[in-house]
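A short worksheet on the structure shown next.
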Amino acid sequence: MFDRIDHVGLAVEDLDAAIALYETSFGMKLAHRETVESQGVEAVLLDVGDGHVELLRPLGEDTAVGKFLARKGPGLHHVAYAVGNIDATLEKLAATGLELIDSEPRAGIRGSRVAFLHPRSTGGVLTEIVEPAGDGETTDEGGH
Ligand code: CO
Numbered sequence: 005m006f007d008r009i010d011h012v013g014l015a016v017e018d019l020d021a022a023i024a025l026y027e028t029s030f031g032m033k034l035a036h037r038e039t040v041e042s043q044g045v046e047a048v049l050l051d052v053g054d055g056h057v058e059l060l061r062p063l064g065e066d067t068a069v070g071k072f073l074a075r076k077g078p079g080l081h082h083v084a085y086a087v088g089n090i091d092a093t094l095e096k097l098a099a100t101g102l103e104l105i106d107s108e109p110r111a112g113i114r115g116s117r118v119a120f121l122h123p124r125s126t127g128g129v130l131t132e133i134v135e136p137a138g139d140g141e142t143t144d145e146g147g148h
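Per my numbering, the very first residue in the sequence shown carries number 5; after that it's consecutive.
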């Protein structure tokens with residue numbers, strides 16, 4: 005079903021402090037930074053092997069990540085799996101009865117296509133599937 009873990013998404017209050025931790029203390033390379041107004045986040049990707057850490061700073065308290073921070077504080081927000089064909093994977097997942105947040109893929113950062121599964125049906129873990137952009141090109145559109 006899934007190719008690999010693409011990234012773990014972490015909710016942060018202080019983006020610069022989080023970048024300093026992952027870049028300086030953990031030695032990860034900052035690969036991408038993008039503000040996504042439609043999703044209410046500023047997102048940063050850091051490379052770790054073939055995968056990434058995705059830091060998410062909410063643009064406001066009334067955003068999804070803002071509400072998450074208010075409820076649970078900073079920390080692990082979601083796990084994202086890479087897939088080759090997100091349309092086909094979503095169809096298969098829906099057929100198993102899992103509750104989808106996104107019944108259709110939406111634009112993610114760096115030209116990817118993403119969809120979220122509801123944590124109610126995934127053991128409390130907000131789960132994202134990602135179809136990465138074909139050649140690593142970047143766009144200004146997207147969610148996380
Ligand atoms: Co993500």
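Glycine is no exception: its CB is placed at the ideal position from the N, C-alpha and C atoms. No experiment lies behind these values; they were computed from the predicted model shown.
Cross-strand partners of R4 (DSSP beta bridge): No answer is possible for residue 4: the residues shown for the chain start at 5 and end at 148.
Proximity test, G13 beta-carbon vs ligand 1 heavy atom, cut-off 6 Å: What you label residue 13 is simply residue 9 of the sequence shown in a count that begins at 1. Yes, Cβ of G13 sits closer than 6 Å to a heavy atom of ligand 1.
Local conformation of A1 per DSSP, three classes: Since the first residue of the chain shown is 5 and the last is 148, residue 1 is not available in this structure.
Beta carbon of I90 nearer than 7 Å to that of E135: The sequence position of residue 90 within the sequence shown is 86, counting from 1. The sequence position of residue 135 within the sequence shown is 131, counting from 1. For I90 and E135, yes; Cβs fall inside 7 Å.
Whole-angstrom distance between D18 and T67, CA atom to CA atom: Residue numbering aside, residue 67 sits at position 63 when the sequence shown is read from its first letter. Residue numbering aside, residue 18 sits at position 14 when the sequence shown is read from its first letter. Answer to the nearest angstrom: the Cα atoms are 16 Å apart.
Contact under 7 Å by Cβ, V57 with Y85: As a working note, residue 57 is residue 53 in the sequence shown. As a working note, residue 85 is residue 81 in the sequence shown. Taking 7 Å as the Cβ cut-off, V57 and Y85 do not qualify as a contacting pair.
Own chain residues within Cβ distance below 7 Å of G1, not counting five before or after: Given a span of 5 to 148 for the chain in the structure shown, any question on residue 1 remains unanswerable.
Strand pairing of L14, partner residues [DSSP]: Here the question's residue 14 lines up with position 10 in the sequence shown. Paired residues: L59, L80.
Residues near E141 by beta carbon distance below 7 Å, same chain, minus five either side: The count along the sequence shown starts at 1 and reaches residue 141 at position 137. Confidence at E141 is low in this model, with a pLDDT of 45, below 50, so the placement of that residue should be treated as unreliable; the coordinate-derived value is given next. Only G115 meet the Cβ criterion.
Collapsed DSSP secondary structure at A24 in the structure displayed: For this step, residue 24 is matched to residue 20 along the sequence shown. Looking at A24 - three-state DSSP - the assignment turns out to be helix.
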